[in-house]
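K.L.:
This is the structure I have questions about; it appears just below.
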Amino acid sequence: MESGIISLVLILCIILNSNINRLQRNQEEVELKLNSIIDYFGIDIPNKYKEKISCELKDELIKLSKAGQKVKAIKKLRDATGMDLKKAKEYVDSLDV
């Protein structure tokens, strides 16, 4: 009896995990399509991370970037803001301009 319940719980966990993975893939596809549409029409989306980037952090990122430590700057930015890797890299690269 106990092994039957354990088996049932295990099967339910596998099904739930599969559904969660499918939903995550669907969300990623929708985000990619939305980003493509935004890029195509040239819509300017406000950066939701700007308010999280303090002057001190920006100054430190500029120093790291100029010292050739872009990877460290990107990591510091991601840790401070929760920004994804692509956006963080783009932001650090924009500081060199």
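Numbers given in this note's numbering equal positions in the sequence shown, counted from 1, plus 36. Glycine included, every Cβ here is placed at the ideal spot set by N, Cα and C.
(1) Using the Cβ count rule (16 or more neighbours within 10 Å means buried), how would you classify M37?
(2) Which residue wins for smallest C-alpha separation from Q105, given the options K123, D80 and L131?
(3) Looking only at its chain, what residues have a beta carbon closer than 8 Å to the beta carbon of I56, apart from the 5 residues adjacent to it on each side?
(4) Compare the beta carbon distance of I98 and Y127 with 9 Å and say whether it is the shorter of the two.
(5) So, is L46 buried or exposed, given that buried needs 16 or more other C-beta atoms within 10 angstroms?
(6) Give the straight-line distance between the Cα atoms of F77 and G40, rounded to the nearest whole angstrom.
P.N.:
Answer, in terms of the structure:
(1) exposed
(2) Relative to Q105, the option among K123, D80 and L131 whose CA is nearest is L131.
(3) none
(4) no
(5) exposed
(6) 56 Å
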